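Protein sequences, first through last, are from chains V and X.
Going by our numbering, the first sequence opens with residue 65, and the numbers climb by one from there.
Going by our numbering, the second sequence opens with residue 65, and the numbers climb by one from there.
Beta carbons: idealized from backbone N, C-alpha and C, even for Gly.
Bear in mind the structure is a predicted one, so any value in this text is a computation, not a measurement.
2 protein chains.
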Amino acid sequence: MSASTKLSTAVKALCYISNCYPEPKNSTDIANSIGVNASKLRKILSMLVKNDIVESSYGVKGGFLLKKDSSKLHLQEIYCAIEDRKAFYLDVRKKDVKKNSMPAKLNSYFLELFSDIQVDIEEKMKIITIKSILEKINNKK
Amino acid sequence: MSASTKLSTAVKALCYISNCYPEPKNSTDIANSIGVNASKLRKILSMLVKNDIVESSYGVKGGFLLKKDSSKLHLQEIYCAIEDRKAFYLDVRKKDVKKNSMPAKLNSYFLELFSDIQVDIEEKMKIITIKSILEKINNKK
DNA sequence: TAAATAGTTACACTTACTGTAACAATTATT
DNA sequence: AATAATTGTTACAGTAAGTGTAACTATTTA
Numbered sequence: 065m066s067a068s069t070k071l072s073t074a075v076k077a078l079c080y081i082s083n084c085y086p087e088p089k090n091s092t093d094i095a096n097s098i099g100v101n102a103s104k105l106r107k108i109l110s111m112l113v114k115n116d117i118v119e120s121s122y123g124v125k126g127g128f129l130l131k132k133d134s135s136k137l138h139l140q141e142i143y144c145a146i147e148d149r150k151a152f153y154l155d156v157r158k159k160d161v162k163k164n165s166m167p168a169k170l171n172s173y174f175l176e177l178f179s180d181i182q183v184d185i186e187e188k189m190k191i192i193t194i195k196s197i198l199e200k201i202n203n204k205k
Numbered sequence: 065m066s067a068s069t070k071l072s073t074a075v076k077a078l079c080y081i082s083n084c085y086p087e088p089k090n091s092t093d094i095a096n097s098i099g100v101n102a103s104k105l106r107k108i109l110s111m112l113v114k115n116d117i118v119e120s121s122y123g124v125k126g127g128f129l130l131k132k133d134s135s136k137l138h139l140q141e142i143y144c145a146i147e148d149r150k151a152f153y154l155d156v157r158k159k160d161v162k163k164n165s166m167p168a169k170l171n172s173y174f175l176e177l178f179s180d181i182q183v184d185i186e187e188k189m190k191i192i193t194i195k196s197i198l199e200k201i202n203n204k205k
């Protein structure tokens with residue numbers, strides 16, 4: 065699953081959970097509703113649990129619930145919860161180039177640049193909340 | 065090769081070519097200098113040729129030359145020349161969800177969002193030229 | 001204690017990536 | 001015209017990564 069597909073899946077699940085509030089929804093129902101495999105979804109949801117975005121309960125009538133108000137839950141924290149690798153990732157483990165050589169300096173340069181871009185993207189994501197997404201898609205025909 | 069690694073390789077090659085101006089450099093020399101496989105490098109360079117960023121000449125003393133002044137050559141056009149897939153890519157080929165359902169609407173939403181982010185990234189890349197990169201890395205110890 | 005659920009692990013399958021080599025096409029030089 | 005050097009392209013085996021699914025374990029409620 066690519067970074068973006070994972071984020072999209074997580075948000076779909078969160079929107080579904082948010083719409084069902086305050087009743088907890090189990091992974092099977094959520095998975096069926098948004099069209100993904102339940103086991104995979106649980107993997108994603110478990111990461112959201114670890115990052116205090118949703119809470120889970122076991123047993124009958126158990127399932128998942130939002131842990132924060134949807135107006136306070138933004139994309140960036142969801143993204144960080146499910147992503148290990150960053151969107152722009154430079155492979156610099158390669159066979160070592162000579163220190164202070166042009167290629168070595170360019171590696172550093174790009175690491176810095178991609179990191180800057182990553183920050184920009186995350187800033188953009190910080191101003192998008194689950195609530196704002198729900199409002200936006202509900203106002204569309 | 066990831067998008068970012070390919071971009072980084074292309075820029076390393078372009079910097080090397082730029083430094084050797086006006087003598088054309090062949091793929092073997094460039095590859096050795098920046099530490100990549102010559103055949104792979106030729107694949108990248110051939111895309112730059114098709115996009116009028118470098119020109120190539122066959123035969124003895126042949127090789128690659130910048131086709132534009134390094135002050136007029138920016139990252140965005142290099143990126144576009146070598147990338148088919150975009151950095152943020154949402155997989156929406158999946159088993160079709162019902163039209164106008166929440167998941168379907170969210171797919172559209174994310175396609176738009178990722179496209180916006182892509183535009184932002186490319187805008188940022190447009191103000192970075194090969195010349196500015198060369199100056200920056202040469203001023204560093 | 002039983003049943004339902006989250007959380008995790010495992011695995012076969014497929015797909016994509018990697019590195020390298022080999023081949024085909026092109027052109028300057030002799 | 002022949003040759004040699006080079007770009008441009010294809011092929012391929014080997015490896016790594018992603019996918020989908022199932023099965024298992026852990027936890028909790030009733």
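#### Entry: Within the stretch 98-131 of chain V, ranges of the alpha helix (DSSP H) (whole runs, at least 4 residues)
The qualifying runs are 102-114.
### Message
At the 9 Å Cβ level, is Lys163/V part of the contact set with chain X, yes or no?
### Response
no
### Query
Got a sec? Which residues, its chain only, sit under 8 Å from Ile191/X by beta carbon, not counting five neighbours each side?
His138
#### Entry: Residue nearest to Lys200/X in terms of C-alpha spacing, selected from Asp184/V, Asn96/V, Ile98/V and Leu177/V
Leu177/V
### Query
Just by C-beta distance, which residues in the stretch 77-108 of chain V are closer than 9 Å to chain X?
Cys79, Tyr80, Asn83, Ser97, Ile98, Gly99 and Val100
### Query
Closest by CA to Ser179/X, which one among Ile185/V, Ser179/V, Phe174/V and Ile194/V?
Ile185/V
### Query
Do we get a CB-CB distance below 9 Å when we pair Ser135/X with the residues of chain V?
no
### Query
What whole-angstrom Cβ distance do Ile197/V and Cys79/V have, given they're in contact under 8 Å?
Their Cβ separation, rounded to whole angstroms, is 7 Å, which keeps Ile197/V and Cys79/V in contact under 8 Å.
### Query
What is the DSSP secondary structure of Lys89/V, counted as helix, strand or coil?
strand
### Task
Answer yes or no: does any C-beta atom of chain V fall closer than 9 Å to that of Ser68/X?
yes
#### Entry: Ser72/X vs Leu130/V beta-carbon contact at 9 Å
no
### Message
Counting only C-beta atoms, is Val118/V closer than 9 Å to chain X at any point?
### Response
no
### Query
Which same chain residues, not among the five before or five after Ile108/V, have their C-beta less than 8 Å away from its C-beta?
Here the set comprises Lys70, Thr73, Ala74, Ala77 and Ile146.
### Task
Compute the Euclidean distance between the alpha carbons of Pro167/V and Phe128/V, then round it to the nearest angstrom.
49 Å
### Message
One question on the structure: do Tyr143/V and Met189/V come within less than 9 Å of each other, judged by their Cβ atoms?
### Response
Their beta carbons are under 9 Å apart, which means Tyr143/V touches Met189/V by this criterion.
### Message
With a threshold of 9 Å between beta carbons, is Asn115/X in contact with chain V?
### Response
no
### Query
How about Phe128/X: is its C-beta nearer than 9 Å to some C-beta of chain V?
no
### Query
Taking the DSSP output, what are the residues bridged to Thr193/V?
His138/V
### Task
Quick one: using the 10 Å Cβ neighbour count with 16 as the cut-off for buried, is Ser103/X buried or exposed?
Exposed is the label assigned to Ser103/X, since fewer than 16 other Cβ atoms lie within 10 Å of its Cβ.
### Query
Alpha carbon to alpha carbon, what distance is there between Tyr122/X and Ser92/X?
Inspection of the sequence shows that residue 92/X is occupied by Thr rather than by Ser. When rounded, the distance between both Cα atoms is 13 Å.
### Query
Can you give the Cα-Cα distance for Ser172/X and Lys163/X, rounded to whole angstroms?
11 Å
### Query
What does Ser72/V reach in chain X if we use C-beta pairs closer than 8 Å?
Those are Leu154, Leu170, Asn171 and Phe174, listed as they occur along chain X.
### Message
Taking the alpha carbon of Asp116/V as the reference point, which residue from Asn101/V, Lys195/V, Thr193/V and Lys132/V has its own alpha carbon closest?
### Response
Lys132/V
### Task
May I ask you to list, following chain order, the residues of the stretch 176-191 of chain X that have a beta carbon less than 9 Å from some beta carbon of chain V?
Listed by position along the chain: Leu177, Phe178, Asp180, Ile181, Asp184, Ile185, Lys188 and Met189.
### Message
Quick check: the Cα distance between Ser165/X and Ile94/V, rounded to an integer number of angstroms?
### Response
14 Å
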